[in-house]
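Residue numbers (the numbering used here): 8 to 161. Ideal Cβ positions, reconstructed from N, Cα and C, are used throughout, including at glycine. Nothing here was measured: the structure is a model prediction, and the numbers come from that model.
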Amino acid sequence: MNPVVIYSTKGGNTEKIALEITQELNCKAIKISGESDFSKISFKDFDLVFIGTWVRGGEPSPDMLSFLKQLNFEDSNRQFALFMTWAGGGKSDVLTFNRVKHLLEAKNQRLLDDCYKCLGKTFGLARRGHPDTQDLAEARKWTRKMAYLPEKSL
Ligand SMILES: Cc1cc2nc3c(=O)[nH]c(=O)nc-3n(C[C@H](O)[C@H](O)[C@H](O)COP(=O)(O)O)c2cc1C
8 MNPVVIYSTK GGNTEKIALE ITQELNCKAI KISGESDFSK ISFKDFDLVF IGTWVRGGEP
68 SPDMLSFLKQ LNFEDSNRQF ALFMTWAGGG KSDVLTFNRV KHLLEAKNQR LLDDCYKCLG
128 KTFGLARRGH PDTQDLAEAR KWTRKMAYLP EKSL
């Protein structure tokens, strides 16, 4: 297995989860932003791609959206696993998942159904303290499941 973590973050919540996954798998993390040169990322060597985004108005972040739209793949030899941080707003998690799924499927890429999401602090005091230590532990558990690794005993 050769995984990679690709994520976008504005306030740092999604980055916390991304770095937890990266540490669990001892793999590379790529942070994307509006200025990223996407053409430099080669997917040929990666068979499991963790995609992380924060939720903005029921969609992936603008950076993640433009990244997903610009991606080019030579083959379909990989799976994607989505993680997101959000504020718990309505069905914006489902809408975000579906948007990512459609964008990837349009490029013949497969998104795994099992998505990790956790709350992330947002305006004012809302969701303060998240992601917390339990969120991070859950993220690690999910990561091992996605990577078909056995549970680690504590
Ligand atoms: C402009 C804006 C729009 C947002 N829209 C949503 C939303 O539609 N649904 C939701 O649950 N959270 C929403 N949030 C909350 C963020 O998704 C949440 O705080 C997230 O953890 C931020 O991640 P980050 O720290 O990695 O940038 C929004 C936040 C901002 C700043």
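Here's a check: name, in chain order, each residue in its chain whose Cβ is nearer than 8 Å to the Cβ of residue i, leaving out the five neighbours to either side.
{"i": "LYS114", "result": "LEU78, ASN79 and PHE80"}
{"i": "LYS98", "result": "GLY65"}
Taking Cβ positions, are residue i and residue j nearer each other than 7 Å?
{"i": "MET91", "j": "LEU55", "result": "no"}
{"i": "LEU102", "j": "LEU111", "result": "no"}
{"i": "CYS125", "j": "PHE104", "result": "no"}
{"i": "GLU27", "j": "ARG147", "result": "yes"}
{"i": "SER68", "j": "ILE39", "result": "no"}
Is any heavy atom of ligand 1 found at a distance shorter than 6 Å from the C-beta of residue i?
{"i": "THR140", "result": "no"}
{"i": "ALA94", "result": "yes"}
{"i": "GLY9", "result": "Position check: residue 9 holds Asn in this sequence, whereas Gly was assumed. No, ligand 1 has no heavy atom inside 6 Å of this Cβ."}
{"i": "VAL12", "result": "no"}
{"i": "THR60", "result": "no"}
{"i": "ARG63", "result": "yes"}
By Cβ distance, which residues of its chain are closer than 7 Å to residue i, with the 5 residues on each side in sequence left out?
{"i": "LYS108", "result": "LEU118"}
Only counting the same chain, and skipping five residues up and downstream in sequence, which positions put a Cβ closer than 6 Å to that of residue i?
{"i": "ILE37", "result": "ILE13"}
{"i": "SER43", "result": "none"}
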